[in-house]
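Inspection log for the structure reproduced underneath, given as structure tokens.
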Amino acid sequence: MSKILIRGAKVLGGEPQDVLIDGAVIEAVGTGLSAEGAEVVEAGGKVLLPGLVDLHTHLREPGREDSETVLTGTRAAASGGYTAVFAMANTFPVADTAGVVEQVYRLGQEHGYCDVQPIGAVTVGLEGKKLAELGAMHESAAGVTVFSDDGKCVDDAVIMRRALEYVKAFGGVVAQHAQEPRLTEGAQMNEGIVSAELGLGGWPAVAEESIIARDVLLAEHVGSRVHICHLSTAGSVEIIRWAKSRGIDVTAEVTPHHLLLTDELVRTYNPVYKVNPPLRTERDVLALREALADGTIDIVATDHAPHPHEDKDCEWAAAAMGMVGLETALSVVQETMVDTGLLTWAGVAERMSSKPAEIGQAKGHGRPVSAGEPANLTLVDTEYRGDVDPAGFASRSRNTPYEGRELPGRVTHTWLRGKATLVDGKLT
Amino acid sequence: MQRHLISAADLTRDDAVLILDTAEEMARVADRPIKKLPTLRGRTIVNLFFEDSTRTRISFEAAEKRLSADVINFTAKGSSVSKGESLKDTAQTLEAMGVDAVVIRHGASGAPFRLATSGWIDAAVINAGDGTHQHPTQALLDAFTMRRRLIGRDAGLGQDLSGKRITIVGDVLHSRVARSNVDLLHTLGAEVTLVAPPTLVPVGVETWPCEVSYDLDSTLAKSDAVMMLRVQRERMNAAFFPTEREYSRRYGLDGERMAKMPEHAIVMHPGPMVRGMEITAEVADSDRCTVVEQVANGVSIRMAVLYLLLGGNEPAVSHTRIEEK
Amino acid sequence: MDKHDQQDTQSDARPVLESPDIARVLTRIAHEIVERAKGADDVVLLGIPTRGVFLAQRLAVKLEEITDRKIPVGSLDITMYRDDLRMHPPRALARTEIPGDGIDGRLVVLVDDVLFSGRTIRAALDALNDIGRPRAVQLAVLVDRGHRELPIRADYVGKNLPTSLRETVKVQLAEEDGRDTVLLGAKQTQ
Numbered sequence: 001m002s003k004i005l006i007r008g009a010k011v012l013g014g015e016p017q018d019v020l021i022d023g024a025v026i027e028a029v030g031t032g033l034s035a036e037g038a039e040v041v042e043a044g045g046k047v048l049l050p051g052l053v054d055l056h057t058h059l060r061e062p063g064r065e066d067s068e069t070v071l072t073g074t075r076a077a078a079s080g081g082y083t084a085v086f087a088m089a090n091t092f093p094v095a096d097t098a099g100v101v102e103q104v105y106r107l108g109q110e111h112g113y114c115d116v117q118p119i120g121a122v123t124v125g126l127e128g129k130k131l132a133e134l135g136a137m138h139e140s141a142a143g144v145t146v147f148s149d150d151g152k153c154v155d156d157a158v159i160m161r162r163a164l165e166y167v168k169a170f171g172g173v174v175a176q177h178a179q180e181p182r183l184t185e186g187a188q189m190n191e192g193i194v195s196a197e198l199g200l201g202g203w204p205a206v207a208e209e210s211i212i213a214r215d216v217l218l219a220e221h222v223g224s225r226v227h228i229c230h231l232s233t234a235g236s237v238e239i240i241r242w243a244k245s246r247g248i249d250v251t252a253e254v255t256p257h258h259l260l261l262t263d264e265l266v267r268t269y270n271p272v273y274k275v276n277p278p279l280r281t282e283r284d285v286l287a288l289r290e291a292l293a294d295g296t297i298d299i300v301a302t303d304h305a306p307h308p309h310e311d312k313d314c315e316w317a318a319a320a321m322g323m324v325g326l327e328t329a330l331s332v333v334q335e336t337m338v339d340t341g342l343l344t345w346a347g348v349a350e351r352m353s354s355k356p357a358e359i360g361q362a363k364g365h366g367r368p369v370s371a372g373e374p375a376n377l378t379l380v381d382t383e384y385r386g387d388v389d390p391a392g393f394a395s396r397s398r399n400t401p402y403e404g405r406e407l408p409g410r411v412t413h414t415w416l417r418g419k420a421t422l423v424d425g426k427l428t
Numbered sequence: 429m430q431r432h433l434i435s436a437a438d439l440t441r442d443d444a445v446l447i448l449d450t451a452e453e454m455a456r457v458a459d460r461p462i463k464k465l466p467t468l469r470g471r472t473i474v475n476l477f478f479e480d481s482t483r484t485r486i487s488f489e490a491a492e493k494r495l496s497a498d499v500i501n502f503t504a505k506g507s508s509v510s511k512g513e514s515l516k517d518t519a520q521t522l523e524a525m526g527v528d529a530v531v532i533r534h535g536a537s538g539a540p541f542r543l544a545t546s547g548w549i550d551a552a553v554i555n556a557g558d559g560t561h562q563h564p565t566q567a568l569l570d571a572f573t574m575r576r577r578l579i580g581r582d583a584g585l586g587q588d589l590s591g592k593r594i595t596i597v598g599d600v601l602h603s604r605v606a607r608s609n610v611d612l613l614h615t616l617g618a619e620v621t622l623v624a625p626p627t628l629v630p631v632g633v634e635t636w637p638c639e640v641s642y643d644l645d646s647t648l649a650k651s652d653a654v655m656m657l658r659v660q661r662e663r664m665n666a667a668f669f670p671t672e673r674e675y676s677r678r679y680g681l682d683g684e685r686m687a688k689m690p691e692h693a694i695v696m697h698p699g700p701m702v703r704g705m706e707i708t709a710e711v712a713d714s715d716r717c718t719v720v721e722q723v724a725n726g727v728s729i730r731m732a733v734l735y736l737l738l739g740g741n742e743p744a745v746s747h748t749r750i751e752e753k
Numbered sequence: 754m755d756k757h758d759q760q761d762t763q764s765d766a767r768p769v770l771e772s773p774d775i776a777r778v779l780t781r782i783a784h785e786i787v788e789r790a791k792g793a794d795d796v797v798l799l800g801i802p803t804r805g806v807f808l809a810q811r812l813a814v815k816l817e818e819i820t821d822r823k824i825p826v827g828s829l830d831i832t833m834y835r836d837d838l839r840m841h842p843p844r845a846l847a848r849t850e851i852p853g854d855g856i857d858g859r860l861v862v863l864v865d866d867v868l869f870s871g872r873t874i875r876a877a878l879d880a881l882n883d884i885g886r887p888r889a890v891q892l893a894v895l896v897d898r899g900h901r902e903l904p905i906r907a908d909y910v911g912k913n914l915p916t917s918l919r920e921t922v923k924v925q926l927a928e929e930d931g932r933d934t935v936l937l938g939a940k941q942t943q
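Protein chains in written order, with my numbering: chain P, 1 to 428; chain R, 429 to 753; chain B, 754 to 943.
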């Protein structure tokens, strides 16, 4: 089995060190390690992080292979520095049975770019009415532990309560897409000053906050844990902060785009900025950054949502919601959190690797960069600055809001259990 | 150089006054035996209507024909063609036929802006109403009607609406007419007050250049013009107000309320009116109600806009806001 | 293009007609109109904006003095009938004001300040066509500077002024410019 010596890498942003990989495992971390018998990768001061873990990815397969497949999605993930992704359940058919989740899981294993951990639907067909066979999905080869109706909210309080209770039996977690459906009928963008001017239907912050408030109270009541997907408002941050202070077992994620972009961009009526939950205000963006820095928000998750060109090349109301994010996530986090001084690289590693792996119980991921650990690693050139060019994406879709925007940082290498999936920015 | 009219907010004060002054001259054409000018001869304009609006389409068509343009009417209503893909496809098909301008009515807010800025077509785009966003020619014809009635046909030339107090009453939330009017009337120096039940005022209205009131009676005595917006009965079922009767009682304009307005003040309505809902028949049929004039003025305004955008080698209005983008 | 050229006058332009000349010339034209129209019973004067309108009004006053009758006078804006619309941004429109009794069966005398290419008059004839059917149309101009591009000639000319294409002719009238004069100058080099 081959050896790889990563020479002079700033592990978690610290002093340059050498990291020796033997097979699928990190053999040693130190200075002046021998390169004998090893292929040498000169890191030259790049930052070495544990392979990133995305708790919120839409791979679209089965059903919408025109926008993404497990293959193209995991290649995009490897390009972005990820070694594990959690694939959301809103496929066609919905991932609400053991059969579908096993299929997605196996596809990920076969392609070998990135571990794919399927998320199971909470309710049959994402319809919010009847619990899916959560236990069967857990016991399947896919070993599902995270359940979500993402794209739709589990809005029925009784169904949500039962789901939270039921998954306790096998240590699962429900990830809630917090969106009160009646308050968001016809919603097209954040409700506020910009929506009033543009005449687009409003998606009020309270529609997210009211569900989060209810769900943390439900989680407390039944003694379960709950995960909140893509937090987008300052008010949501306050509720999570309060819930954590009460000892409620809640975790929360924020997407890169909600850390950077605001609803002012909707003035262009360009549907590339159409996403759910919608882009909010500057005040929300700053509150989300602060919450991610202080740990109120636990993790960054991409909500990578590929859509074919024709679903975005149209008028706003007709366009699909969502943005691709796997290949730009780390750059956006560097721009908004690291370069602003809010977070260290060790903090980034926690929020984009170890903590999401812990929430989703992704075994072998999010581990420390130290001897004896699985060699899931990503090497980042943090000095790089460049314009985002979607033409170079590995994803099948190009619906990025960052086209032409200059962002810092570039993932140059990714190793999945010692096997290079990305070398010098090129997929293997 | 942009050749579009997308939003009333894009017009400067001088642009707006130029359009109103030009419309005054266009209005005179209607009094002639031959109501036609050769100005847009050889130019092709398509009226691309994704939403039913016979009034607006006919008004544009009359304006286009009076200026001798070749007119193509394309009504694309119906579920299969009102889907997103077909806006682009339809527009490109029309452009391939050599269209110089597209007058577009669309149910989706922002569709005309998208058409003008997406690079799909090169033709000039004129917004004939998009979703709950904008309806700039309606705002222009309203301002034209106000200037004529409140200042005078000749006395108004070159003038804006400085100091005039305009009250707009009704479903502001769903109204492109209200949005366009607030923008344009503010540009023209008027003071605008919106009156509606709080449920029919958008969140975010606080940044608009106008006042908001929930009390119609207190605004009437200080209004030079009261514009009543249509209130659709369906809104009642969505709990925007309890009953039609209660709405009429609190926000409808009847003879008694009209009597509280200053003697010179006018009543306006963009049409179609829901008699008995926001306006009584007595008010609608009174001399102070300008509904019919507004329709006639619409043709003059649209002639002016078409002439100023398409009559030369480049537009005569500056559209500062769009160019910045 | 005659209107445009007038604006390019340099400051060293020299006057070719002064205020008394203009008054005298207009008086002569008024007499000629009465003579040619055999009493001017059915004359309607239509000035072409801007300065043609003021000239028409002055002519009307003189005709009224001669005939002791009210002479209908109006204005005819030709902007929308120009053949060079597509070569410039759209211009602001001037007023078209047709006297109450109309022009049908009347003798319309078009009045303009300078006759140059003839294109303005061509546009004016088109505009007239959309307004009514005069018995006849005649043309009165203060200055004819030559260089016709169309088969058009004036019936009444204040002054024939042979010019080169490198020269400009600018008419100034008290109503618009504060003084009466006709200036001949060299075209500004761009």
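Yeah, the Cβ is synthetic: ideal placement off N, Cα and C, and Gly gets one too.
Query, Result
"Less than 8 Å between the CB atoms is what I'm expecting for P:THR412 and P:LEU379, so what's the real figure, rounded?", "5 Å"
"So, at 7 Å on beta carbons, what are the nonlocal neighbours of R:ALA606 in its own chain, with the 5 sequence-adjacent residues on each side left out?", "ILE596, VAL600, LEU622, LEU657"
"Would you kindly check if the distance between the Cβ of B:LEU914 and the Cβ of B:VAL896 is under 7 Å?", "yes"
"Which residue comes first and which comes last in the alpha helix (DSSP H) that contains P:TRP345?", "345-349"
"Hey, out of P:PRO408, P:LEU5, P:TRP415, P:SER395, whose CA is closest to P:ARG75's CA?", "P:SER395"
"Would you say the beta carbon of P:GLU36 is closer than 6 Å to some non-hydrogen atom of the ligand ZN?", "The model depicted lacks the ligand ZN and carries no ligand whatsoever."
"Mind checking which residues open and close the alpha helix (DSSP H) that includes P:GLN176?", "Run containing P:GLN176: none in the alpha helix (DSSP H); it sits in the beta strand (DSSP E), 173-176."
"Between the C-alpha atoms of B:LYS912 and B:ILE851, what's the straight-line distance to the nearest angstrom?", "28 Å"
"Cβ closer than 9 Å: which chain R residues qualify as neighbours of P:SER195?", "PRO630, VAL631, GLY632"
"Measuring alpha carbon to alpha carbon, tell me which residue in P:LEU260, P:PRO50, P:ASP313 is nearest P:ASN270.", "P:ASP313"
"Return yes when the Cβ of P:THR262 is within less than 7 Å of the Cβ of P:VAL237, no when it is not.", "no"
"Runs of 4 residues minimum, wholly inside the region 621-660 of chain R: which ones carry the alpha helix (DSSP H) assignment?", "645-648"
"Quick check on R:GLY739 - is its C-beta less than 7 Å from some C-beta in chain B?", "yes"
"Within 10 angstroms of its Cβ, does R:ASN741 collect 16 or more other Cβ (buried), or is it exposed?", "exposed"
"Check whether the Cβ of R:LEU468 lies closer than 7 Å to any Cβ atom in chain B.", "no"
"Please state whether the Cβ-Cβ distance between P:LEU407 and P:SER353 is less than 7 Å.", "no"
"Is there a C-beta anywhere in chain R that falls below 7 Å from the one on B:LEU846?", "yes"
"Rounding to the nearest angstrom, what Cα-Cα distance links B:VAL806 and B:LEU881 in this structure?", "15 Å"
"Identify each residue in the region 161-193 of chain P for which the Cβ-Cβ distance to at least one residue of chain R is less than 7 Å, and report them in chain order.", "GLU191, GLY192, ILE193"
"Tell me whether the region 490-500 of chain R and the region 464-473 of chain R touch, counting them as touching only if at least three CB pairs, one residue from each stretch, are closer than 8 Å.", "yes"
"Three-state secondary structure (DSSP) at B:GLN925?", "strand"
"Tell me the DSSP secondary structure of P:HIS413 in three-state form.", "strand"
"Quick one: is R:SER508 buried, meaning 16 or more other Cβ sit within 10 Å of its Cβ, or exposed?", "Note that R:SER508 scores a pLDDT of 48, beneath 50, so its modelled location is shaky; the value from the coordinates is reported in the next line. Under this definition R:SER508 is an exposed residue."
"For a test of the three-state rule: what should DSSP assign to P:LEU183, helix, strand or coil?", "helix"
"Do you know how far the Cα of P:ALA317 is from the Cα of B:GLY853?", "54 Å"
"Between which two residues does the alpha helix (DSSP H) harbouring R:PHE683 extend?", "For the sequence presented, residue 683 of chain R should be read as Gly rather than Phe. R:GLY683 -> alpha helix (DSSP H) spans 683-686."
"Which one or two residues does DSSP pair with B:TYR909 in a beta bridge?", "B:ALA893"
"Taking the alpha-carbon positions, what's the R:GLN587 to R:TYR675 distance?", "37 Å"
"On the CB-based measure, 16 or more other CB atoms within 10 Å of its CB, does P:GLY30 come out buried or exposed?", "exposed"
"Hey, how far is the Cα of P:PRO278 from the Cα of B:MET833?", "49 Å"
"On the criterion of 16 or more Cβ atoms from any shown chain inside 10 Å, does R:THR518 qualify as buried, or is it exposed?", "buried"
"For a contact meaning CB atoms closer than 8 Å, what does B:GLY885 contact in chain R?", "PRO461"
"Spell out whether any CB of chain R is found under 7 Å from the CB atom of P:GLY199.", "yes"
"What residues of chain P sit near R:SER537, judged by a beta carbon separation below 9 Å?", "GLN188, LEU198, GLY199, LEU200, GLY201, TYR269, GLU315, TRP316, ALA317"
"Note the first and the last residue of the continuous beta strand (DSSP E) segment covering P:ILE297.", "P:ILE297 -> no beta strand (DSSP E), and no H or E assigned at all."
"Taking buried to mean at least 16 other C-beta atoms within 10 Å of its own C-beta, is P:GLY108 buried or exposed?", "buried"
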